[in-house]
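Heads up, the thing below is written out as structure tokens.
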Amino acid sequence: MKWTAWKISWKILWLLFVIADSPVFASGQASDIQAADASTESDTTAELLKKVDQLVDQNIQLEKQNRELMEEIGALRRVVNKKPSETTQALEKAVVETVLPEASRPHQPVSQSANQRSGRTYNPDNDDKTRLPEASDGNPAVFGEFNPGRGFTVASGELGTLNFSGYMVARYLNQLPPNQSATDHLGRPITVDPRNDFQFHRVMLFSQGWLFTPKFQYGTFVWTVQDTNQVAVGGALTYTFNKYMTLGGGWNAYPGTQSLQGSHPYWTSYDRVMADEYFRPFFSQGVFAFGHLLPALEYRWMVGNNNSNLDTPAVKLDRDLSAGFAFTWLPTTKEFGPRGAFGDYENHEKVATRFNLAYTYSPEDRQAALGSATTNTTLRIGDSLNVFDPNTFANNVTVTDVHYKLLTASAGMKYHGFWLQGEGYSRWLDHFKATGPLPMSDIRDTGFYVQLSDMVIQNRLELYGATSYIFTKYGHDPKEFIVGTNYYPWNTRNLRLNVQLINVDHSPVSSTFGFYTGQLTGQVFSFGMTALY
82 MKWTAWKISW
92 KILWLLFVIA
102 DSPVFASGQA
112 SDIQAADAST
122 ESDTTAELLK
132 KVDQLVDQNI
142 QLEKQNRELM
152 EEIGALRRVV
162 NKKPSETTQA
172 LEKAVVETVL
182 PEASRPHQPV
192 SQSANQRSGR
202 TYNPDNDDKT
212 RLPEASDGNP
222 AVFGEFNPGR
232 GFTVASGELG
242 TLNFSGYMVA
252 RYLNQLPPNQ
262 SATDHLGRPI
272 TVDPRNDFQF
282 HRVMLFSQGW
292 LFTPKFQYGT
302 FVWTVQDTNQ
312 VAVGGALTYT
322 FNKYMTLGGG
332 WNAYPGTQSL
342 QGSHPYWTSY
352 DRVMADEYFR
362 PFFSQGVFAF
372 GHLLPALEYR
382 WMVGNNNSNL
392 DTPAVKLDRD
402 LSAGFAFTWL
412 PTTKEFGPRG
422 AFGDYENHEK
432 VATRFNLAYT
442 YSPEDRQAAL
452 GSATTNTTLR
462 IGDSLNVFDP
472 NTFANNVTVT
482 DVHYKLLTAS
492 AGMKYHGFWL
502 QGEGYSRWLD
512 HFKATGPLPM
522 SDIRDTGFYV
532 QLSDMVIQNR
542 LELYGATSYI
552 FTKYGHDPKE
562 FIVGTNYYPW
572 NTRNLRLNVQ
582 LINVDHSPVS
592 STFGFYTGQL
602 TGQVFSFGMT
612 ALY
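For any residue, its number in our numbering is found by taking its place in the sequence shown, counting from 1, and adding 81.
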């Protein structure tokens with residue numbers, strides 16, 4: 082519109098120039114012009130002036146129309162910024178579906194309350210940003226705790242995006258009775274030190290987005306467990322080729338158990354059950370991939386430095402690499418809720434089923450010189466002793482190297498708010514190297530857990546129970562029984578209050594970030610609040 086007005090103004094100036102340069106205004110230089118010619122030129126000048134007036138009026142009308150159009154555009158922009166229209170949302174969805182394959186799209190369902198009001202059930206492709214977000218699928222190629230939430234968009238442009246999200250846990254933990262004692266498999270006393278404390282337990286801050294193309298995504302995190310004063314900073318880069326493969330490099334988890342395949346923090350409680358914590362692999366740096374072999378069959382794999390790279394500098398890593406893979410079959414609904422979550426908050430109307438098979442291999446060493454405390458704390462035996470501590474298997478003998486192998490299988494189902502899941506474990510420790518003779522050449526431990534839950538009040542109250550067993554020749558066969566409840570004050574998985582009671586018998590797990598202390602026998606009461614945004 083501005084260009085049209087400029088052209089009209091230019092024509093007016095040109096006509097005025099023609100008029101000014103015409104013979105009518107040059108009578109001093111054309112004295113031989115006849116009176117009849119002067120009369121004709123006078124008529125021509127009147128017509129030109131009339132044309133000029135018409136063009137001026139037309140320009141005024143165009144300017145008025147331009148102002149009205151700009152006011153209308155401004156009003157439309159204010160409406161779009163205040164509440165995206167259905168057309169805008171449809172356009173955003175079309176862009177995502179065009180650029181990203183189905184396996185790597187950010188699935189985000191509407192809130193469950195909206196589902197109930199409309200008579201709909203869980204739909205991972207429906208994202209209503211005007212309601213409180215129900216859950217976040219995160220990045221399907223991130224297997225462990227480093228999976229970001231939906232977050233808030235800080236910046237968005239033609240060359241990339243920046244999003245910020247976080248996860249927090251505040252808890253009270255009381256391990257009872259306060260005075261306990263135990264012995265190891267050789268009859269030696271073990272110190273048992275039950276806890277009773279408050280902690281702002283875990284904080285994770287994420288930034289993520291894409292660069293140059295939505296297929297190339299980045300993620301960074303700051304991770305801390307306040308109980309241990311441990312802080313880690315890391316991240317990963319991923320590229321989605323198609324639905325068959327998303328390839329990445331950086332920090333990730335070995336997908337050796339169900340809790341290490343992207344489900345965090347959507348568990349029944351905010352930490353793992355005892356058997357899962359005892360057997361599972363950990364986190365490292367390496368290369369990894371996620372994709373679909375068939376519409377209902379997923380795969381995950383990772384090749385990395387060692388079983389746990391956290392707090393392990395490069396100079397302490399050996400040349401041996403670790404690896405793990407998993408296959409997940411989803412035969413009935415081809416999904417299991419956001420992130421493959423534990424519990425059926427989404428209230429599936431059709432039976433959802435999931436079967437999983439995983440294997441992990443890791444050659445491990447004590448990552449410290451003989452005579453000093455080991456920094457490799459991931460491997461323990463059934464009486465909670467660290468494999469690499471001096472005197473664990475025999476007096477005056479220290480293990481320096483061992484191979485860790487884990488095979489797991491799990492199955493789960495969801496239906497109308499009810500969830501049932503079980504996982505079995507078989508772990509081999511072999512290829513021992515030590516400073517002296519050992520009484521064994523390998524160790525084979527087995528175990529399992531069973532967990533179930535039910536949404537007794539949809540969107541508000543969930544009750545759950547669990548048990549886990551570990552079968553080992555070292556000491557007692559540890560076991561536990563768990564009851565707990567989750568209260569969701571708003572219509573979202575992302576914020577909850579958790580109350581849990583565990584009755585544990587000779588815990589083989591000893592960690593300050595979980596629920597258990599080595600050889601603890603008694604009750605563990607915890608109250609926690611979790612938030613993911």
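No residue lacks a Cβ here, since even glycine has one placed at the ideal position from N, Cα and C.
*How about residue 468 and residue 483: are their beta carbons less than 8 angstroms apart?*
Position 387 of the sequence shown holds residue 468. Position 402 of the sequence shown holds residue 483. Their beta carbons are under 8 angstroms apart, which means residue 468 touches residue 483 by this criterion.
*asked:* Among the candidates 143, 219 and 459, whose CA atom is the shortest distance from the CA of residue 418?
replied: Locating residue 418 in the sequence shown gives position 337, where the first residue counts as 1. Selected option, being the one with the closest Cα: 219.
*Could you please give the first and the last residue of the uninterrupted beta strand (DSSP E) stretch that includes residue 492?*
For this step, residue 492 is matched to residue 411 along the sequence shown. Note, residue 492: beta strand (DSSP E), 480 to 496.
_Using 8 angstroms for Cβ pairs, my map puts residue 244 next to residue 288. What's the rounded Cβ distance?_
For the purposes of this step, residue 244 is taken as the residue at position 163 of the sequence shown. For the purposes of this step, residue 288 is taken as the residue at position 207 of the sequence shown. Residue 244 to residue 288, Cβ: 7 angstroms. Contact.
*Does the separation of the CB atoms of residue 495 and residue 433 fall below 8 angstroms?*
Here residue 495 refers to the residue found at position 414 when the sequence shown is read from its first residue. Here residue 433 refers to the residue found at position 352 when the sequence shown is read from its first residue. Yes. Within cutoff.
*Please state if the CB of residue 437 and the CB of residue 447 are separated by a distance shorter than 8 angstroms.*
As a first step, residue 447 must be located in the sequence shown, where it is residue number 366. As a first step, residue 437 must be located in the sequence shown, where it is residue number 356. No.
*Under 6 angstroms Cβ to Cβ from residue 595, same chain only, skipping five residues before and after it: list those, please.*
Taking the first residue of the sequence shown as position 1, residue 595 is located at position 514. Correct list, in chain order: 352 and 358.
*Boundaries of the beta strand (DSSP E) in which residue 504 is found, first to last residue*: Taking the first residue of the sequence shown as 1, we reach residue 504 at position 423. Residues 499 to 515.
*Helix, strand or coil for residue 421, going by three-state DSSP, please let me know.*
Numbered from its first residue, the sequence shown carries residue 421 at position 340. Three-state result, residue 421: helix.
*C-alpha distance - residue 543 paired with residue 566, whole-angstrom precision*: Numbered from its first residue, the sequence shown carries residue 543 at position 462. Numbered from its first residue, the sequence shown carries residue 566 at position 485. Going from the Cα of residue 543 to the Cα of residue 566 covers about 5 angstroms.
*asked:* Assuming the contact rule is C-beta atoms closer than 8 angstroms, residue 602 and residue 261 should be a hit. Round their C-beta distance to whole Å, please.
replied: Here the question's residue 602 lines up with position 521 in the sequence shown. Here the question's residue 261 lines up with position 180 in the sequence shown. Confirmed, about 6 angstroms.
*Okay, do the segment 373 to 386 and the segment 297 to 314 touch, 3+ Cβ pairs below 8 angstroms being the bar?*
no
*Output yes or no for whether 8 angstroms exceeds the beta carbon distance between residue 606 and residue 582.*
As a first step, residue 606 is located in the sequence shown; it is residue number 525 there, counting from the start. As a first step, residue 582 is located in the sequence shown; it is residue number 501 there, counting from the start. Yes, the Cβ-Cβ distance between residue 606 and residue 582 is below 8 angstroms.
*According to DSSP, is residue 596 helix, strand or coil?*
Sequence index remark: in the sequence shown, residue 596 carries index 515 (1-based). Three-state result, residue 596: coil.
*To the nearest angstrom, how far is it from the Cα of residue 278 to the Cα of residue 310?*
In the sequence shown, residue 278 corresponds to position 197, counting from 1. In the sequence shown, residue 310 corresponds to position 229, counting from 1. If you take the alpha carbons of residue 278 and residue 310, they lie about 15 angstroms apart.
*Where does residue 426 fall in DSSP's three states?*
Along the sequence shown, read from residue 1 onward, the residue named residue 426 stands at position 345. Residue 426: coil per DSSP, three-state reduction.
*Three-state secondary structure assigned by DSSP to residue 462*: Along the sequence shown, read from residue 1 onward, the residue named residue 462 stands at position 381. Coil, per DSSP.
*When the Cα of residue 506 is compared with those of 593, 338, 401 and 558, which residue comes out closest?*
On the sequence shown, position 425 is the one that residue 506 refers to. Minimum Cα distance to residue 506 is reached at 338.
*asked:* Helix, strand or coil, according to DSSP, for residue 389 in the structure here?
replied: On the sequence shown, position 308 is the one that residue 389 refers to. DSSP places residue 389 in coil when its eight states are reduced to three.
_Own chain residues within Cβ distance below 6 angstroms of residue 367, not counting five before or after_ = In the sequence shown, residue 367 corresponds to position 286, counting from 1. Taken in chain order, the residues that qualify are 383, 384 and 385.
*C-alpha gap between residue 70 and residue 290, whole angstroms*: Residue 70 is absent from the structure shown; the chain starts at 82 and stops at 614.
*Host beta strand (DSSP E) of residue 239 (start-end)*: Your numbering for residue 239 matches position 158 in the sequence shown. No beta strand (DSSP E) contains residue 239, which DSSP labels as neither H nor E.
*asked:* Excluding the 5 residues flanking residue 515 on each side, which residues of the same chain have their C-beta closer than 7 angstroms to its C-beta?
replied: As a working note, residue 515 is residue 434 in the sequence shown. Counting only Cβ-Cβ distances below 7 angstroms, and skipping sequence neighbours, we find 478, 479, 480 and 481.
*Between residue 500 and residue 534, which are expected to be in contact by the criterion C-beta below 8 angstroms, what is the C-beta distance as a whole number of angstroms?*
The count along the sequence shown starts at 1 and reaches residue 500 at position 419. The count along the sequence shown starts at 1 and reaches residue 534 at position 453. At roughly 5 angstroms, the Cβ-Cβ gap stays under 8 angstroms, so residue 500 and residue 534 are in contact.
*In angstroms with no decimal places, state the Cα-to-Cα distance between residue 556 and residue 293.*
Residue 556 sits at position 475 when you count from the first residue of the sequence shown. Residue 293 sits at position 212 when you count from the first residue of the sequence shown. One C-alpha to the other measures close to 57 angstroms.
*asked:* Is residue 478 near the ligand SAM - that is, is its Cβ less than 7 angstroms away from at least one heavy atom of it?
replied: No copy of the ligand SAM appears in this structure; indeed no ligand is present at all.
_Taking only three categories from DSSP, how would you classify residue 536?_
Within the sequence shown, residue 536 is the residue found at index 455, counting from 1. Strand.
*Could you give the distance in angstroms between the alpha-carbon of residue 393 and the alpha-carbon of residue 329?*
Locating residue 393 in the sequence shown gives position 312, counting from the first residue. Locating residue 329 in the sequence shown gives position 248, counting from the first residue. Residue 393 and residue 329: Cα-Cα distance of roughly 21 angstroms.
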